[in-house]
Each structure stands twice: as structure tokens, then as C-alpha cells.
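J.: The sequence shown lines up with residues 6 to 134 when you count with this note's numbering.
The beta-carbon is built from N, C-alpha and C at its ideal position, and this holds for glycine as well.
I have a structure here, written as C-alpha cells, and I will follow up with some questions on it.
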Amino acid sequence: MKSRKNLVGALLLILLIVAMFFLYKATAPKTNDSEKRVSVTVIHLDKSRKEFNYRTNAKFLGDLLKKEKLVKGEKGQYGLFITTVDGEKADDSKKQFWSISKKGKSVNTGVDSTPLADGDRFELTLTTY
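And the structure:
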């Protein structure tokens with residue numbers, strides 16, 4: 006009887022893992038390899054704006070920004086943590102950081118896991134908390 010419970014438990018665990026895998030695949034951000042036009046607007050601390058327009062085959066925003074040398078940062082738990090954009094460094098002592106938004110709405114993924122699509126418009130804003 007005990008071995009039957011263990012077998013049922015193991016089968017349920019395997020079924021749960023398979024279901025989670027398919028759920029992840031269905032909801033994961035989609036990427037494509039074709040050329041995309043992407044716009045990145047940098048909003049500096051003094052509120053000045055600078056727009057950069059790119060044509061790229063990159064799948065993720067982080068790949069594009071690093072290739073174009075627009076950002077510098079540190080490797081963190083969730084990928085690149087941006088510290089400098091367009092030559093302006095965020096000052097930790099002043100509680101500054103670079104926030105990422107897309108069409109005015111905050112992006113809920115790290116820069117290295119933010120997928121790119123043709124026509125995307127991102128903003129990198131030096132912000133304080």
C-alpha cells in the first residue's frame with residue numbers, strides 16, 4: 006500500500022512538472038530573429054532627451070544596448086543591472102537608478118530578458134527612489 010502511494014505521488018509530481026513546463030512555454034516572452042526597428046529614448050536627470058534608432062536582429066533589449074555601447078552595468082542575479090546610459094552614471098548615494106519603460110509603461114523584466122519586436126519604443130530614465 007505504501008509503495009502504491011509513493012508511485013502515485015511520483016506520477017503526480019512528474020505530471021505537475023510537465024504541466025509547469027508547458028505553461029512556461031505558452032507564456033514566455035516571444036522573440037524573433039528577423040530585422041527589427043527599435044527606438045530607445047534616454048531621459049537624463051536634467052530631463053533632457055536623446056533618441057536612438059536602431060535596426061537590429063537582436064532578440065533582447067540587453068543584447069542591442071550592449072552591442073551599441075549605449076549602456077554599461079554589472080552582471081546581477083537577473084542579468085545586466087544598468088549603471089550607466091549614454092555616459093551618465095546613476096549615483097547610488099543619491100538613490101538613483103535607470104528605469105526601463107516601453108511606451109510609457111514600466112517593463113517588468115530585466116533588460117536581458119526584455120524581448121524585442123519591430124516598432125518597439127523603449128525609454129531609459131534616470132530616476133530616484
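Suppose the cutoff is 6 Å on Cβ atoms and the five residues either side in sequence are ignored; what does the same chain contact list for THR130 look like?
T.: Numbered from 1 along the sequence shown, position 125 holds the residue referred to as residue 130. Answer for THR130: ILE48, SER104, listed in chain order.
J.: Could you give the distance in angstroms between the alpha-carbon of ASN62 and the alpha-carbon of THR32?
T.: As a working note, residue 62 is residue 57 in the sequence shown. As a working note, residue 32 is residue 27 in the sequence shown. Roughly 22 Å separates the two Cα atoms.
J.: Kindly list the residues whose CB is nearer than 8 Å to the CB of ARG54, restricted to its own chain and excluding five residues on each side of it in sequence; keep chain order.
T.: As a first step, residue 54 is located in the sequence shown; it is residue number 49 there, counting from the start. The residues are THR46, VAL47, ILE48.
J.: What does the alpha-carbon distance come out to for the pair LEU66 and TYR59?
T.: As a working mapping, residue 66 is identified with position 61 in the sequence shown. As a working mapping, residue 59 is identified with position 54 in the sequence shown. Using only the alpha carbons, I get a separation of about 11 Å.
J.: Look at the alpha carbon of THR133 and the alpha carbon of ILE87, and state the distance between them as a whole number of angstroms.
T.: Walking along the sequence shown from the start, residue 133 turns up at place 128. Walking along the sequence shown from the start, residue 87 turns up at place 82. Taking the straight line joining both Cα atoms gives about 14 Å.
J.: Are the beta-carbon atoms of LYS110 and ARG126 separated by less than 8 Å?
T.: On the sequence shown, position 105 is the one that residue 110 refers to. On the sequence shown, position 121 is the one that residue 126 refers to. It is not a contact, given that the beta carbons lie outside the stated cut-off.
J.: With DSSP as the reference, label ASN113 as helix, strand or coil.
T.: Residue mapping note: residue 113 aligns to position 108 of the sequence shown, counting from 1. It is coil, neither helix nor strand.
J.: Start and end of the alpha helix (DSSP H) containing PHE27?
T.: By one-based count along the sequence shown, residue 27 stands at place 22. Element bounds for PHE27: 7-32.
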